[in-house]
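Asker: Those letters in the sequence shown? Residues -7 to 114, per the numbering used here, in order. Quick reminder that beta carbons are idealized off the backbone N, C-alpha and C, glycines included. These numbers were taken from a predicted model, which means no experiment stands behind them.
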Amino acid sequence: MKSKWFSPRAILLHLTLIGWVSGCLAAAWWQVARAADGNALSYLYAIEWPVFAIAGVLGWYALLNIEKVTEAQEEARREYEEKMRREAQQAREIDAESPELAAYNNHLAELAKQPRKKLWGH
């Protein structure tokens, strides 16, 4: 079994992370230097770049820990969906056979046809 840390995909993610964090820290250092030269807006950017680096680390961690769906999980999902379809079909059949429900729906249809009464203020 391959380790999630040393698979080809994981190694590519590690290299990408190294490049991302290095770039973000270099940009932060550059902004600190600009801020020291008198560019006040660069203080904000000097804070922003490390935040981007942290976001990259969180994304790297999430991508490494994505679990693949196993066959058993997929089969359980299919069984659950089929069970829900059967229950929905049974409920529709019960509703279709219910004379009380049909009478109630007819009553609602008749109420909808009647003109609306004026409400106060309209």
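Measure the C-alpha to C-alpha separation of W22 and V43 and round it to an integer number of angstroms.
Answerer: Translated into positions along the sequence shown, residue 22 becomes position 30. Translated into positions along the sequence shown, residue 43 becomes position 51. Distance between the alpha carbons of W22 and V43: 15 Å.
Asker: DSSP on G30, reduced to helix/strand/coil?
Answerer: If you number the sequence shown from 1, residue 30 lands on position 38. Coil, per DSSP.
Asker: Strictly under 9 Å for the Cβ-Cβ distance: is L5 near chain B by that measure?
Answerer: In the structure shown, chain B cannot be found, because there is only a single protein chain.
Asker: Counting Cβ pairs closer than 8 Å, one from the segment 22 to 42 and one from the segment 0 to 9, do we hit at least three?
Answerer: Counting Cβ pairs under 8 Å, fewer than three are found: no touch.
Asker: Sorted by chain position, which residues of the same chain lie with C-beta nearer than 6 Å to A95's C-beta, five sequence neighbours on each side aside?
Answerer: Position 103 of the sequence shown, counting from 1, holds the residue named residue 95. Around A95: no qualifying Cβ.
Asker: Quick one: Cα of I46 to Cα of S(-5), how far?
Answerer: Numbered from its first residue, the sequence shown carries residue 46 at position 54. Numbered from its first residue, the sequence shown carries residue -5 at position 3. The alpha-carbon atoms of I46 and S(-5) are separated by roughly 24 Å.
Asker: Does DSSP put F117 in a helix, a strand or coil?
Answerer: Since the first and last residues shown for the chain are -7 and 114, residue 117 lies out of range.
Asker: Which residues in the same chain as A27 place their Cβ atom closer than 7 Å to its Cβ, once the five residues preceding and following it in sequence are excluded?
Answerer: As a first step, residue 27 must be located in the sequence shown, where it is residue number 35. Here the set comprises S34, Y35, A38.
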